[in-house]
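Protein chains in written order, with the numbering used here: chain A, 1 to 549; chain B, 1 to 222. Ideal placement from N, C-alpha and C gives every residue a C-beta, glycine not left out.
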Amino acid sequence: MRKRVFGSIFLTSLVTLLLTTGLLLLAVHAGLTNDMRQRLITESSYLSAADDIREELEECGSVYADRLTLVAQDGTVLYDNRTNASEMENHAVRPEIAAAEKNGTGEDNRLSETFAEQTFYYAVRLKNGDILRISATADSVFGALSNASPWIVLIILLALLVAAVLAGWLTGLFLKPIEALDLHEPMKGEAYDELSPLLHRMDKQNHKIQAQMDELQRRQAEFDDITARMDEGLVLFSGKGMILFANHAARALFPHDSAEGSYLTLCRDANYIQVVEQALDGKGAHGKLERNGRIYELTASSVEENSAWHAAVLLIVDITERERAEQQRQEFTANVSHELKTPLTSIMGYAEIIAGGIAKPEDVAPFAGKIRTEAQRLLALIEDIIHLSRLDEGGETVAFEPVELSALCDTVRDRLQSKAAGKGIALRIEGEPAAVSGQRRTLEQMIFNLTDNAINYNKPQGSVTLTTGTESGRPFVQVADTGIGIAPADQQRVFERFYRVDKSHSKMTGGTGLGLSIVKHGAALHHAEVELKSALGEGTCITLRFPKE
Amino acid sequence: MRNRFDNQLAEMNNELISMGALCENAIASAVKALLEGDIKLAAAAIRIDQEIDRKEREIESMCLKLLLQQQPVASDLRLISSVLKMITDIERIGDQASDIAEIVTYLSGACGHNTHIDQMAQATIKMVTDSLDAFVRRDLTLAWSVIEYDDVVDRLFDECKSDLIAEIAQNPEDGERVLDVLMIAKYLERIGDHATNIAEWVEFSITGSHKSAMHGAEAAAR
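Spelled out as structure tokens, the structure:
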């Protein structure tokens, strides 16, 4: 910018200077030449008035400042006050002489060979036919110019200097408001008028950009907020496999602080690599990843980007619970079929013996009794399964009603009294009445199952205590026994379906293996907590705590 | 120009990580085969080793090309030369894993309950994983911890050896099997050494000083 300003100032001054100098020189020179011509005309008219001009000239021609030449009619030089006339050539062809011969007067202006000087000639025809020529020499235009040239150069240099200084100053003037411009607040600060349209526009665009930025930030924050709350891990990869984004859950799963970098820096599990690479190839993929004792499902899908590169999205879902549930379901199915088959096999056996007529008549009655026992077991099992599946579906549609827990305990005691007495086990009820809102049948079944277990897994001469009451506003029922207890490793699993601590003696204690599972599901239906405290050989204490009314 | 170079470096980096992943996979398969006596997994480990060998040659030519064409200096040069050294160690680890798998295939069933072999296997897997993690994250502290952890593996190897000596004294006719197990223990111990080497090269690529060079300097000073 500075260079251009300097250039234009300098060029302007140079052109102005040269034109002015040229025109001035021409004008002055024209005036001078005219003056000289007038002088020569006057002088010639004065000289031509003399009678014998040749004599006069030879007498006093040498005092004249101008050159005087007398030329005969045929062009022979008769006299010259500067040189010897006899040595001069014939002048008849000279323009001024020829013109004077023809018209009486003639003039001519000739440049010297170097162009530095010019000579003006004026010729007049005398009365005797001879021609008198007067000439004067002066500097030509070019001569004057060459004389002035050192000055001109000096002035040009001066102009250069001035142009440089001016250019600096002007550009400074132009740029100062631009340099001082606050890009965020262009309208603040001083600026010259020509700049204000630009500033206005800038201001407008600033506002537009700010609005867009705000929008983008808002969206980003929204996105971050959503992804941060996700339990699933979410990772985005660019087409070249670089990690663009990983949400909180994904970072927690792969605790590498390198947020950027290739997908390989996140995890080196073979399944993970395969899934991501397939997605980057443009194919969706699924896989499983085991990490920190949990199972994750990897779902990668590819996102087409510029039709050639594939970006990829990886979703990591914790499926540990699902896998476990699946496993439990499979186990349950296997267990159910086994539990159903066992009594049926016995029934079939006895029935075949009787049908085949092999059984002695006196054995038929005990066999039928055994068939009844097994059938009862089968029936109990099926009832339990039906019960459990109803609880699984969210409970029966029976409405909740106020139920008195200690009264329920009395009912259960009545039902189990004879069984307990048969094993020599004391059955006690303690505590004060406590009422809850619930399904009477389910609650009774739960207390029955707990008490039944307490009797089944008790020691001879042991005792079972049912306690009801209210603790910090929450009704509870507790079934404590002095039985064989449950090992810590089994305590979590006893509530699973068909889980038995002592697998080999299940037949002896009876039961379906579903009792505690029903308790667990019933408790869930009533929003109650099940608390199990047990020590091997000392007994078990299970407490159901109901929510506040 | 620099951009292209950076891309090539990143590619080399990725290739090394995926080679490391293969190697981890190979040891995991070999160890699982060893502990569970699973012949299928042993075959997988041997197959992965072949892939590791191929990968080694790929990365090697990539490094040499980079050295020739880009003439890197400073940390780039350190990284490339460390990678050149590291792939040798990773490849050796793959070989040892494949050797273990091979022994497992003719070792009838699992190698018996030798708790020290279990511990050694877990310890070496940890070392390899940590050394690769140190490379991926450029984590100097992790690299140092791997170098220190080698002592644990060495101690486990000694314990394993005395276990086996006791075993052979008890059942002299079981000698062949015991020797095979000893070989496996030795291979695991070697894997630990290679993981240490990797960690040392990680340290070199970050700091520019290598343990062996420092030892040499100390020796010279003495």
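1) From the DSSP output, which residues share a beta bridge with A/Gln118?
2) Given a cut-off of 8 Å on the beta-carbon distance, is the pair A/Thr451 and A/Val464 in contact?
3) Could you give the distance in angstroms between the alpha-carbon of B/Ala97 and the alpha-carbon of A/Ala250?
4) With A/Leu280 and A/Ala312 assumed to form a contact (beta carbons below 8 Å), what rounded beta-carbon distance in angstroms separates them?
5) My output table needs one value for A/Cys541: the three-state DSSP class, helix, strand or coil.
6) Check whether the Cβ atoms of A/Asn458 and A/Gly483 sit closer than 8 Å, and answer yes or no.
7) Near B/Leu164, what residues of its chain come up, given a Cβ to Cβ distance below 7 Å and the 5 sequence neighbours on each side ignored?
8) Who are the Cβ neighbours of A/Gly189 in its own chain at under 8 Å, not counting the five residues just before and after it?
9) Does chain A have any CB closer than 8 Å to the CB of B/Val136?
10) So, for A/Ala535: in the same chain, excluding its five sequence neighbours on each side, which residues have a beta-carbon less than 7 Å away from its beta-carbon?
11) Mind listing which residues of the segment 22-33 of chain B have their C-beta closer than 7 Å to chain C's C-betas, in chain order?
12) Using a cut-off of 8 Å between C-beta atoms, extract the partners of A/Ser262 located in chain B.
13) Is B/Leu64 buried or exposed, if buried means 16 or more other CB atoms sit within 10 Å of its CB?
14) Comparing C-alpha positions only, which one of A/Asn292, A/Ser302, A/Asp269 sits nearest to A/Ala285?
15) Spell out a yes or no on whether the segment 167-176 of chain B and the segment 186-196 of chain B are touching, meaning 3 or more CB-CB pairs, one atom from each, closer than 8 Å.
16) Touching or not, the segment 370-380 of chain A and the segment 410-429 of chain A, by the rule of three or more beta carbon pairs under 8 Å?
17) Roughly how many angstroms lie between the CA atoms of A/Glu404 and A/Asp414, to the nearest whole one?
18) Among B/Asp174, B/Arg47, B/Ala21, B/Glu11, which one has its Cα closest to the Cα of B/Asp99?
19) So is A/Glu374 buried or exposed if we call it buried at 16+ other beta carbons inside 10 Å?
20) Please tell me whether B/Leu66 has its Cβ less than 8 Å away from any Cβ of chain A.
21) From B/Cys23 to A/Gly287, what does the alpha carbon distance come to, in whole angstroms?
22) Give a yes or no on whether 8 Å exceeds the smallest Cβ distance from A/Ile273 to chain B.
23) Just to check my reading of the structure: A/Leu514 and A/Leu388 have Cβ atoms closer than 8 Å, yes? What is that Cβ distance to the nearest angstrom?
24) Distance, Cα to Cα, B/Ile39 vs B/Val104?
25) Let me check one thing: in DSSP terms, what residues is A/Ala79 bridge-paired to?
26) Using C-beta distances below 7 Å, list every residue in its chain close to A/Gln551, excluding the 5 sequence neighbours before and after it, in chain order.
27) Please return the same chain residues whose Cβ sits closer than 8 Å to the Cβ of A/Ala523, not counting the five positions on each side in sequence.
28) With B/Asp130 and B/Thr196 assumed to form a contact (beta carbons below 8 Å), what rounded beta-carbon distance in angstroms separates them?
29) Between B/Glu91 and B/Asp133, how many whole angstroms is the CB-CB distance? I'm expecting something under 8 Å.
30) In the DSSP assignment, the alpha helix (DSSP H) including A/Phe245 goes from what residue to what residue?
31) For the alpha helix (DSSP H) containing A/Val28, name the first residue and the last one.
32) When you compare only the Cα positions, how much space is there between A/Leu160 and A/Ile9?
33) When the Cα atoms are used, what is the spatial distance from A/Arg493 to A/Tyr499?
Taking the structure as given:
1) For A/Gln118, which the question treats as bridged, DSSP gives the partners A/Leu111, A/Ala138.
2) Against a cut-off of 8 Å, the Cβ pair of A/Val464 and A/Thr451 comes out as a contact.
3) In this structure, the CA atom of B/Ala97 is about 31 Å from the CA atom of A/Ala250.
4) The C-beta separation of A/Leu280 from A/Ala312 comes to about 5 Å, placing the pair in contact by the 8 Å criterion.
5) In this structure, A/Cys541 counts as strand in the three-state DSSP scheme.
6) yes
7) By the criterion of a C-beta distance shorter than 7 Å, B/Leu164 is surrounded in its chain by Val178, Val181, Leu182, once the five residues flanking it on both sides are discounted.
8) Pro177, Ala180, Leu181, Asp182
9) yes
10) Close CB contacts of A/Ala535 within its chain, under the 7 Å cut and outside five residues either way in sequence, are with Gly485 (chain order).
11) Structure shown: chain C not included; protein chains present are A and B.
12) Ala10, Asn13, Asn14, Ile17
13) exposed
14) A/Ser302
15) no
16) no
17) Between the C-alpha atoms of A/Glu404 and A/Asp414 there is a straight-line separation of about 16 Å.
18) Of B/Asp174, B/Arg47, B/Ala21, B/Glu11, the residue nearest in Cα terms is B/Arg47.
19) Burial call: buried.
20) no
21) 20 Å
22) yes
23) 6 Å
24) Computed Cα separation, rounded: 7 Å.
25) Position check: residue 79 of chain A holds Tyr in this sequence, whereas Ala was assumed. Its beta-bridge partners are A/Leu70.
26) There is no way to answer for residue 551 of chain A, as the model of chain A reaches only from 1 to 549.
27) Met446, Glu529, Val530, Leu544
28) About 11 Å; that fails the 8 Å criterion.
29) Not a contact, Cβ separation roughly 19 Å.
30) Element bounds for A/Phe245: not the alpha helix (DSSP H) but the beta strand (DSSP E), 243-246.
31) 2-48
32) 9 Å
33) 7 Å
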